[in-house]
Structure formats: structure tokens, C-alpha cells
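Peer 1:
Number of protein chains: 2
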Amino acid sequence: MSDSSPLPAPQWLAPGKKVLALSGGVGGAKLALGLSRLLAPDQLSIVCNTGDDFDHLGLRICPDLDTVMYTLAGRNNVEQGWGLAGETWRVLDALGQLGGDTWFRLGDVDIGTHLARSEWLRRGESLSAVTRRLSLALGVSHPLLPMSDDPVSTIVHSDQGALSFQHYFVREQCRPAVRGFEFNGIGQARPQAEFLSLLQGGDLAAIVICPSNPFVSVDPILNVPGVRAALRAARAPVIAVSPIVGGIAIKGPTAKMMAELNMPSSAAAVAAHYGDLLDGFIVDETDAGEAERIAASGVSVRVAQTVMKSLDDRIMLAAEALRFAAAF
Amino acid sequence: MSDSSPLPAPQWLAPGKKVLALSGGVGGAKLALGLSRLLAPDQLSIVCNTGDDFDHLGLRICPDLDTVMYTLAGRNNVEQGWGLAGETWRVLDALGQLGGDTWFRLGDVDIGTHLARSEWLRRGESLSAVTRRLSLALGVSHPLLPMSDDPVSTIVHSDQGALSFQHYFVREQCRPAVRGFEFNGIGQARPQAEFLSLLQGGDLAAIVICPSNPFVSVDPILNVPGVRAALRAARAPVIAVSPIVGGIAIKGPTAKMMAELNMPSSAAAVAAHYGDLLDGFIVDETDAGEAERIAASGVSVRVAQTVMKSLDDRIMLAAEALRFAAAF
Chain A
43 MSDSSPLPAP QWLAPGKKVL ALSGGVGGAK LALGLSRLLA PDQLSIVCNT GDDFDHLGLR
103 ICPDLDTVMY TLAGRNNVEQ GWGLAGETWR VLDALGQLGG DTWFRLGDVD IGTHLARSEW
163 LRRGESLSAV TRRLSLALGV SHPLLPMSDD PVSTIVHSDQ GALSFQHYFV REQCRPAVRG
223 FEFNGIGQAR PQAEFLSLLQ GGDLAAIVIC PSNPFVSVDP ILNVPGVRAA LRAARAPVIA
283 VSPIVGGIAI KGPTAKMMAE LNMPSSAAAV AAHYGDLLDG FIVDETDAGE AERIAASGVS
343 VRVAQTVMKS LDDRIMLAAE ALRFAAAF
Chain B
43 MSDSSPLPAP QWLAPGKKVL ALSGGVGGAK LALGLSRLLA PDQLSIVCNT GDDFDHLGLR
103 ICPDLDTVMY TLAGRNNVEQ GWGLAGETWR VLDALGQLGG DTWFRLGDVD IGTHLARSEW
163 LRRGESLSAV TRRLSLALGV SHPLLPMSDD PVSTIVHSDQ GALSFQHYFV REQCRPAVRG
223 FEFNGIGQAR PQAEFLSLLQ GGDLAAIVIC PSNPFVSVDP ILNVPGVRAA LRAARAPVIA
283 VSPIVGGIAI KGPTAKMMAE LNMPSSAAAV AAHYGDLLDG FIVDETDAGE AERIAASGVS
343 VRVAQTVMKS LDDRIMLAAE ALRFAAAF
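Those protein sequences? They're chains A and B, same order as listed. Mapped onto the working numbering, the consecutive letters of the first sequence carry residue numbers 43 to 370. Mapped onto the working numbering, the consecutive letters of the second sequence carry residue numbers 43 to 370.
1) Tell me, to the nearest whole angstrom, how far the beta carbon of Gly154(B) is from that of Pro105(B); I am working on the premise that it is less than 8 Å.
2) Alpha carbon to alpha carbon, what distance is there between Gly294(A) and Ala171(A)?
3) Counting only C-beta atoms, is Arg132(B) closer than 9 Å to chain A at any point?
4) Counting only runs of 3+ residues fully inside the region 291–334 of chain A, write out the beta strand (DSSP E) ranges in chain order.
5) Give the secondary structure of Ala367(B) by DSSP, where H, G and I count as helix, E and B as strand, and everything else as coil.
6) Using the beta-carbon of each residue, which ones in chain B are nearer than 8 Å to Arg164(A)?
7) Tell me where the alpha helix (DSSP H) around Val110(A) begins and ends.
8) Alpha carbon to alpha carbon, how far is Ile286(B) from Val230(B)? Give it in angstroms, no decimals.
9) Taking 8 Å as the cut-off, does the region 231–248 of chain B touch the region 264–273 of chain B (at least 3 CB pairs, one atom from each stretch)?
10) Which residues does DSSP list as the beta-bridge partners of Asp245(B)?
11) First and last residue of the alpha helix (DSSP H) that includes Arg344(B)?
12) Taking the Cβ atom as the reference point for each residue, do Cys252(A) and Ala71(A) lie within a distance shorter than 9 Å?
13) For the beta strand (DSSP E) containing Asn226(B), list its first residue and its last residue.
14) If you draw a straight line from the alpha carbon of Gln208(B) to that of Asp191(B), how long is it in whole angstroms?
15) Just how far apart, CA to CA, sit Phe225(B) and Val258(B)?
16) Within the present structure, is the beta-carbon of Leu364(A) separated from the nearest heavy atom of the ligand HEM by less than 8 Å?
17) Could you round the C-beta distance between Gly322(B) and Ile281(B) to whole angstroms and report it? I think they count as a contact, below 8 Å.
18) Between the region 105–118 of chain B and the region 177–186 of chain B, do at least 3 Cβ pairs fall closer than 8 Å?
19) With 16 as the cutoff for other CB atoms within 10 Å, does Pro83(B) come out buried or exposed?
20) Roughly how many whole angstroms lie between the Cα atoms of Val345(B) and Ala330(B)?
21) I'd like to know if Gly116(A) contacts chain B, where contact means its C-beta is closer than 9 Å to some C-beta of that chain.
22) By Cβ distance, which residues of its chain are closer than 7 Å to Asn119(A), with the 5 residues on each side in sequence left out?
23) Is the CB of Ser195(A) under 9 Å away from at least one CB in chain B?
24) So is Asn304(A) buried or exposed if we call it buried at 16+ other beta carbons inside 10 Å?
25) For Arg221(B) versus Asp201(B), is the C-beta distance shorter than 9 Å?
26) Going by DSSP, what residues sit across from Thr196(B) in a beta bridge?
27) Could you tell me which chain A residues have their CB closer than 8 Å to the CB of Glu161(B), listed as they occur along the chain?
28) Thinking just about the alpha-carbon of each residue, which of Arg102(B), Phe366(B), Leu353(B) and Ala136(B) is nearest to the one in Ala247(B)?
29) Rounded to whole angstroms, what is the Cα-Cα separation between Ala278(B) and Ile249(B)?
30) With distances taken Cα to Cα, identify the nearest neighbour of Lys59(B) among Gly76(B), Leu81(B), Ala74(B) and Leu75(B).
31) Taking any Cβ of chain A, which residues in the region 172–189 of chain B have a Cβ under 7 Å from it, in chain order?
32) Looking at the structure shown, is Ala136(A) part of a helix, part of a strand, or coil, going by DSSP?
33) Residue range of the beta strand (DSSP E) that Ser65(B) falls in?
34) For Val120(A), name the three-state secondary structure that DSSP assigns.
35) Would you kindly work out how many angstroms separate the C-alpha atoms of Arg356(A) and Gly76(A), rounded to a whole number?
36) Please name the residue in Ser177(B), Ala136(B) and Ile336(B) whose C-alpha comes closest to that of Arg159(A).
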């Protein structure tokens, strides 16, 4: 994490100003990493979807928080696209030999994270407090915030019935055709305290919706009671980066879901999905042709190179988002 | 497990007859292994102490059952004296780096066992059923029975207050001076069904109390309501092998406990502790001088080589115990 120091803060934000990023897993983590290279820990907070969280083998697993945490710690497996670099599979191999469930691929080091988190949660710590401890231990100094400390579980309604998210996503490998989504527990969930306080305070310079799945990564965050209204009320511009590029998703089932939901798999459809929540929308150069149509709905559009292959790509897109936000 | 086939059954037991072994962890597992080489799976059942069982990091851990299971599977770490051969420590290293508890040394493969057991128990299976599944998966065909399917927890009363057994044994490394023991939950515990049925049936040719700690390994088994009376009522002779040799324990804190409880650390004191439950007692050659005194209390005594360094030692002591039992 030392090959690229953050640039001096004033270049990106006015003194005392902050950026709030809303993220799911892999795609969101890439942009969050880029932002973390430009902004100091007191200038950037990253709110993660927790609708994917689930209990498995007695472990509390928070895939999006962990993906962002591992990515910011420089521990993520870049080639594989998920999990930890240098991970081993001794526990799962042993479990498999005993006839246990191995469909959710838990690496040994990752299991260490889940054991620690589960134990601390059992002792009564909040998910926020646990996430802070894990982050600090891994050297992640930017605040990672769960969208809520209350449990929310995403249910995928599909042609194979209602599936819990990880059953849909990992066990069934996104094969079922989706019909809709439900976020169990969301009615009782309160926005995480720092998240709400940032939304309601006057310090935000930008709210960045990372290029994550709109339906199962971003919508759970937006649907926590009070969040949508607070986003609308916030003076900072809300900028989203399209997760759809040239009609396909860089990662994950976004495009497939859009088709199954009878929506065009396009950046414009993502913008339409977020609707009047957005002040600005960043589309990829591939989709420059959609810019005018999206702008017609009253959203400012910026065209950028959004496919983040290298660390530089991540930082450049983060810079683009910050410049875009500064223009409002 | 194929280097020494069981000898033909008739040499050791009359047709239809069975042996019941009562065991704690390491010392008991050695004799249980010896017995398993002489007796077929339908001739030997091994009942294990579950008073050491505990919940740690959300895992249900059954140290004695696992030690016997790993030993019978040929997977135990002989040099180390506990745990699995070829074990790795990736999870615990990761957990330690996150600031989690690492005082209880859980290896990666061992964690696989605990995850499987904990999950199956959560789904409502009995500890007996779970132990059967684990045993079968590891190729252990002799029945391993928990003393009870109901939870019992051994508490060590010490000069440092009441300690749960693993806190005394592992975390505090047996340093506190013991004052007494308590088996929480034992009043409500029922003997495991096959265990009770063996005790009450007419098929037993011998009941062998393995050379395990009398206070924290064997006493919990004996104190399950109904067990002591059933042992006394059983027609089969009850034979114990002394865990004390020349005043010291081959493994574990037995001798230290006896001193702290103001008992002599001797084979004779172990025999006296078991009292009229015993029909026969096997002492080591080192302790041949105590034989007469023990016999004076009405217990038959046999002197044998009881220190089990090699597999042959284990088998020879098992044979000695079977011959001794056959003489009643």
C-alpha cells in the first residue's frame, strides 16, 4: 500500500470536506481503492452493502465488507477476482472429506476473519465496531461502514423460487432467472450511525455510488429507511458510475438480471433505475452514445474510461468522479 | 491402519461377547487403539468423556472424542502427543493477526472437524450421530460413543477460583492448584443409549477403564446418573489400568492433582479412588511393590508393562487386559 501516497488533500477537496462512497463487492471495491489513494482517511468513508451477509457453518460472513477491506488492505486476489491472495484451502478440504458443505469457498485466512467477527458479534459488539477492529488489524485506515448494524438479508425471487442471496449467487452461480428482490429485515434496519451522520451533516463534497450491482448491492443501501430521503436532502451531489459497459457487466450478474427483469442492459437503464436520486452519472467511453439520452432525463453525464484493469485505472476513475462532483 | 489385522475373534472373546472401554484423551486413546487391533468393530465400543467438551469461537469442540477418533484413524500426531499429523495453522495465524483468541491451538484440519460437528449439531443431530458420521468419514469402524448426548462441563475448582476445564488445562496449562471438580449438567445427563444398553445387556465380557485421568476423564463418565450402578450391576468384570506409573502420570496432570488433593500420587491411590467399582487393576511393573497392598482391598491386581510407547506396547497391554478379564 506504499507505492502511491495520497496526493495533497487540497487538490481534491476543500478543507473539512468528505466523500462518501456506497459500494458492493468487487466492482465497488475497485473504485473505493482508487478513492482511497486520493483521499485521506478523514476524507473518505465507504459504506458497504450488508444484504449479502449470511450465516454459514456458524460463521457470520460479510462478503462486501470483506471484499472492500481486503482490497484496501492490498490483500485481495486480483487474478481470481475474489478472496485473498495466497489463500489456502485446508479447512474446506478437510470439511469436504467429512461430508460437510463446501459450496461456499472459504479459504483458511478468510475463515480467520469470519471466526474473529462471529466471536466479537456474539460478545455483543456491533458490526461497525467489529469491522473497525478487523480493518485496523489489516492496516485499513479509511472508515468502512456497514450500511446498517441491523441484519438485512437479500432474497432473490427467481424461476426456482425464493433463494437467499448466496444460494443464488454462489451455490446456483446466478443460473436462476430473477423475478425480483426482497431485503428481509430492512423495515427494521437503521442506517449505520456514522453513515447517517455524514448524510445529514454539511461536510460531504460528494456521494459516489460505485459501479456495483444496482439491484443487489446498491439498492439494499438505498432502501435502509431514511437513506434515500437523506441522499435526496444532502447538498452534496450524488454521482453514480455505471456498472454496465457496452451492454455487459464487468463483473457479476447485473446485465443478466436486467434482461430477466425486462430492462435493456444499458447504462441508460441503470441511470433510469436510480432516477432522480442522481445528480451525475459516469458512463464508459463505449457508451458515449447514450450520454445525450441520459442527460435528457435531467442527469449530468460524464464520459470516462470506467473499465478498471490496473491500479492506475482505479485512481484515474476516482479522480474523474471527484472532478465531476466538484463541477456541481 | 492395515499393518496389523485383528487376530481372529475367538482368541480373545467368546462368540457374541463384547468389550466396553471407558476413555479420556491421549492415554486412554492408546489403549483403545490397542484394543481396536485385537477386537472387531462389533466386539469393542469405546465410550469417551465429554466433560472436556466446550464451545470456543462458536465451534463445538470434543477433545477426548476427537483424540480417540484421530488415534483410531491413524491420523494423530504421535510426536506432539495431541492433534493431527501434518496439521497446519493458517486459520489460527490469521485469527491471531486480527487480535482473536489463539490460546486453544486449533489446526486447520481440526477446524474442519469442528465446523462439521457444530453444523450438524445445530441442525439437530445428536452428538452420537455426529460422532458416527465423523468416524465413518475418517474410516474408524469401531463405535465411539460420547458418555452422554446431553452437555456436561467439567469445572475445576482451584486456588484461582472456578475454571472451565479447557481454561485450566490449556490456557492456564494446569498451573492452578486444584481443590475439587464439578460436572455441570451431569444431574440432567442421561447415559448415551448404546452405552447404557451395553451396560445393561448380557453381552459384555469386560469393561476396561483406560489409563486416563481418574478425576477429569473417567469420573465424568462414572458420574452420569445410572452409570455407576449399571457398572456395579454388570456381570462383566471392571478392569482399570493405572494412569500413575512410579508416582507420576505418563501424560497430563493426574499426579499433580493427586498431590493437590492431598492424596498420595500412587497406583494404589487410583485404585482406592475407584473403590469397589473395580474387579481388577493393572499396575505397571514399576509399581509391583504396591500390588499386595491394593489386593488387600479386595481387588485383583495384575502387574504388566503399561507404558505404551509403540503400537506393539498398546496391543500387548490390550491383550493383557483381555486376558485378565477372561480370568474372572
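Note that CB positions come from ideal geometry on N, CA and C, so glycine has one too.
Peer 2: The structure says:
1) About 16 Å separates the two Cβ atoms, so there is no contact after all.
2) Between Ala171(A) and Gly294(A), the C-alpha separation is close to 29 Å.
3) It does; some Cβ of chain A falls within 9 Å.
4) If you keep only unbroken beta strand (DSSP E) runs of at least 3 residues inside the region 291–334 of chain A, you get 322–326.
5) It is helical.
6) The answer, in chain order, is Gly100.
7) It spans Pro105 to Leu114 - the alpha helix (DSSP H) in which Val110(A) sits, taken as one unbroken run.
8) Contrary to the premise, residue 230(B) reads as Gln rather than Val in this sequence. Going from the Cα of Gln230(B) to the Cα of Ile286(B) covers about 31 Å.
9) Because the criterion of three Cβ pairs below 8 Å is met, the region 264–273 of chain B and the region 231–248 of chain B touch.
10) Among the bridge pairs identified by DSSP, Asp245(B) is matched with none.
11) No alpha helix (DSSP H) holds Arg344(B); the beta strand (DSSP E) holding it covers Ser342 to Ala346.
12) Yes; because the gap between Cβ atoms is below 9 Å, this pair is in contact.
13) Element bounds for Asn226(B): Val220 to Asn226.
14) Taking the straight line from one Cα to the other gives about 20 Å.
15) About 9 Å.
16) You won't find the ligand HEM in this model; it holds no ligand whatsoever.
17) With a Cβ gap of about 4 Å, Gly322(B) and Ile281(B) count as contacting.
18) Segment contact: the region 105–118 of chain B against the region 177–186 of chain B, three or more CB-CB distances shorter than 8 Å; contact assigned.
19) For Pro83(B), the number of other beta carbons within 10 angstroms of its own is below 16, and it is reported as exposed.
20) The straight-line gap from Cα to Cα measures roughly 6 Å.
21) Not closer than 9 Å to any Cβ of chain B, the Cβ of Gly116(A) fails to qualify, so no.
22) Counting only Cβ-Cβ distances below 7 Å, and skipping sequence neighbours, we find Gly125, Leu126, Ala127 and Glu129.
23) It does not; no Cβ of chain B falls within 9 Å.
24) Residue burial annotation: Asn304(A) is exposed, with fewer than 16 other C-beta atoms found within 10 angstroms of its C-beta.
25) It is a contact, given that the beta carbons lie within the stated cut-off.
26) Thr196(B) is bridged by DSSP to Phe225(B).
27) Per Cβ cutoff of 8 Å: Leu99, Gly100, Gly142 and Asp143.
28) The candidate whose alpha carbon is nearest that of Ala247(B) is Phe366(B).
29) Roughly 7 Å between the two C-alpha positions.
30) Taking only the C-alpha atoms, the option nearest Lys59(B) is Leu81(B).
31) Within the region 172–189 of chain B, the qualifying residues are Arg175, Leu176 and Ala179.
32) Three-state DSSP puts Ala136(A) in a helix.
33) Per DSSP, the unbroken beta strand (DSSP E) holding Ser65(B) starts and ends at Lys60 to Ser65.
34) Note: Val120(A) maps to coil in three-state DSSP.
35) Each residue's CA atom was taken as its position, placing Arg356(A) and Gly76(A) some 4 Å apart.
36) Among Ser177(B), Ala136(B) and Ile336(B), the Cα nearest to that of Arg159(A) belongs to Ala136(B).
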